[in-house]
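Residues 805 to 971 (my numbering) are what the sequence shown spells out, left to right. Everything on this sheet refers to the single structure shown next.
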Amino acid sequence: SIREMMKDPTKGSPSSDKMRDNLMMQIKLHRAQRNYYITGFALLSLLFLRRIMGLMSSAAVVAASKDAAIKQAENASKQCSKLMDENKELTEKLGTSSSSGESNSQFKKLQSELEETRQELERHKINLSTLKQQAEGTNREYDRLLAEHTKLQAKIDSGDSNRYKED
């Protein structure tokens with residue numbers, strides 16, 4: 805259509821009807837200009853539609869992230885309130901928040917009891933190892949005495965058999 809618009813109207817075939825040629829040239833020029841403007845409008849519309857689609861896409865992404873952020877905030881709020889309730893229950897179990905000195909003294913008392921229990925455990929471990937050593941010593945002594953008894957018994961038996969042979 806641009807080619808048609810750029811044609812020189814003076815050039816052309818020599819015809820007898822100048823008026824008719826002029827009219828035909830005007831019609832072709834009009835059609836070419838119309839097609840040129842329609843094509844330009846279509847390209848411009850395409851650019852606008854592409855931009856609008858991009859904006860709509862980004863708006864959808866923002867809306868989805870907004871919903872996710874809202875859900876995350878709600879879950880965080882629920883978790884926070886749950887933890888605060890648990891904290892309140894624990895502080896009620898321990899007593900009022902003003903009795904922190906009492907809780908410190910209870911903590912120190914429990915710590916000292918724990919230390920005493922550990923020391924008692926160590927004493928019992930030492931006693932147990934001592935008893936094991938004594939038991940092993942007693943077993944060795946028993947085995948030695950049993951062996952000695954067996955030897956003596958064998959001697960007595962051999963001595964008795966000699967006595968019977970002499971008779």
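Quick reminder that beta carbons are idealized off the backbone N, C-alpha and C, glycines included. Since this is a predicted model, take the numbers as computed values, not measurements.
Applying the 10 Å Cβ sphere with the 16-neighbour rule, what's the burial state of K955? exposed
In chain order, what residues of the same chain lie with their CB nearer than 8 Å to the CB of F845, ignoring the 5 residues before and after it? Same-chain partners within the cutoff: there are none.
Report yes if the CB atom of S907 is closer than 8 Å to the CB atom of L894, and no otherwise. no
Grouping DSSP H, G and I as helix and E and B as strand, with all else coil, what is D961? helix
On the three-state DSSP scale, how would you describe D821? D821 falls in the coil class under three-state DSSP.
Measuring only the C-alpha atoms, how far is E896 from K875? 31 Å
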